[in-house]
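This note's numbering numbers the first residue of the sequence shown as -6 and each following residue consecutively. Note that beta-carbon positions come from the ideal geometry of N, C-alpha and C, so glycine has one too. Model, not experiment: these values are computed from the prediction. See structure below.
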Amino acid sequence: MLYFVKNNMLHRLPVSRRCDCIYKNEPLRDTIPNDVERCVYCMNYWPDDEA
Ligand SMILES: [Zn+2]
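Put into structure tokens, the structure is as follows:
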């Protein structure tokens, strides 16, 4: 899983359907930093997201 930080918020890539942020070439990372907020939509597990 890859992540990126946008507006000091950590999002997942691909972005969750529930999240309205758009990935625009922010630096990608494969670890979760501790010093940023986590997007609740991207970082929470939603059981129906995989459908
Ligand atoms: Zn997000």
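Spatial neighbours of N1 within its chain, please: CB distance less than 7 Å, with the 5 preceding and 5 following residues excluded, ordered by chain position.
As a working mapping, residue 1 is identified with position 8 in the sequence shown. Excluding positions up to five away in sequence, the list reads V29 and E30.
Ligand 1 and Y16: does the residue's C-beta get closer than 6 Å to at least one heavy atom of that ligand?
Position 23 of the sequence shown, counting from 1, holds the residue named residue 16. Checking every heavy atom of ligand 1 against the Cβ of Y16, none is found closer than 6 Å.
According to DSSP, Y(-4) sits in a beta bridge with which residue or residues?
In the sequence shown, counting from the first residue as 1, residue -4 sits at position 3. DSSP output for Y(-4) lists R5 and R22 as bridge partner(s).
In whole angstroms, what separates the C-alpha of S9 from that of N37?
For the purposes of this step, residue 9 is identified with residue 16 of the sequence shown, where counting begins at 1. For the purposes of this step, residue 37 is identified with residue 44 of the sequence shown, where counting begins at 1. Those two C-alpha atoms are separated by around 9 Å.
In this structure, what does DSSP give as the bridge partners for R11?
Taking the sequence shown and counting its residues from 1, one reaches residue 11 at position 18. In DSSP, R11 forms no bridge with anything.
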